[in-house]
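Take a look at the structure below.
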């Protein structure tokens, strides 16, 4: 017995499900892993916000200048390992929502968590801080 509303198997080939969103898959971000990349970003532009410090640098042509790369760090001032990981997890989530649309290709970004604030700030405010920092780092002429 076929349940009501089920597709008729004899009606022809069934089409696979398609997302209604034009670009449902988010753009991937590269991850900074080498200490030299973090040190290079530390010597470049920076913008502080209430919940984080954002460092940004344009990569050289020899560094693989396409795509956005991002790194996350929290010092021991932020707290124990649990607190640092929670802060980095929140920074990672905010970056994956904001940077594909607002970041510039060919740039490296480092997000540095702040003591108490990064882990406790409302997530929408955290995303707003990142947008504000990017607007200051990349002013529109």
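Residue numbers (this note's numbering): 888 to 1028.
Glycine included, C-beta positions come from ideal geometry on N, C-alpha and C.
Being a predicted model, the structure only gives us computed values, none of them experimental.
Residue span of the beta strand (DSSP E) that contains residue i, given as start and end
i	result
residue 1001	It is not in any beta strand (DSSP E) - residue 1001 carries neither H nor E in the DSSP assignment.
residue 958	956 to 960
Exposure label - residue i; buried when at least 16 CB within 10 Å
i	result
residue 910	For residue 910, the predicted structure reports a pLDDT of 49, less than 50, and the residue's modelled location is therefore unreliable. A value from the coordinates is still provided. Exposed is the call here.
residue 949	exposed
residue 912	Confidence in residue 912 is poor, its pLDDT being 45 and thus under 50, which makes the residue's placement unreliable; the coordinate value appears in the next sentence. Classification of residue 912: exposed, given that the 10 Å Cβ count is below 16.
residue 958	buried
residue 961	buried
Opening and closing residue of the alpha helix (DSSP H) in which residue i lies
i	result
residue 981	968 to 989
residue 932	It is not in any alpha helix (DSSP H) - residue 932 instead sits in the beta strand (DSSP E) that spans 932 to 935.
residue 1015	1010 to 1024
Residues that residue i bridges to, as DSSP identifies them
i	result
residue 943	932 and 996
residue 953	Bridge partners of residue 953: none, in fact.
Neighbour flag for residue i against chain C, beta carbons, 8 angstroms
i	result
residue 918	In the structure shown, chain C cannot be found, because there is only a single protein chain.
Checklist entry - Is there contact between the stretch 1000 to 1009 and the stretch 921 to 933, where contact requires at least three CB pairs shorter than 8 angstroms? => result no
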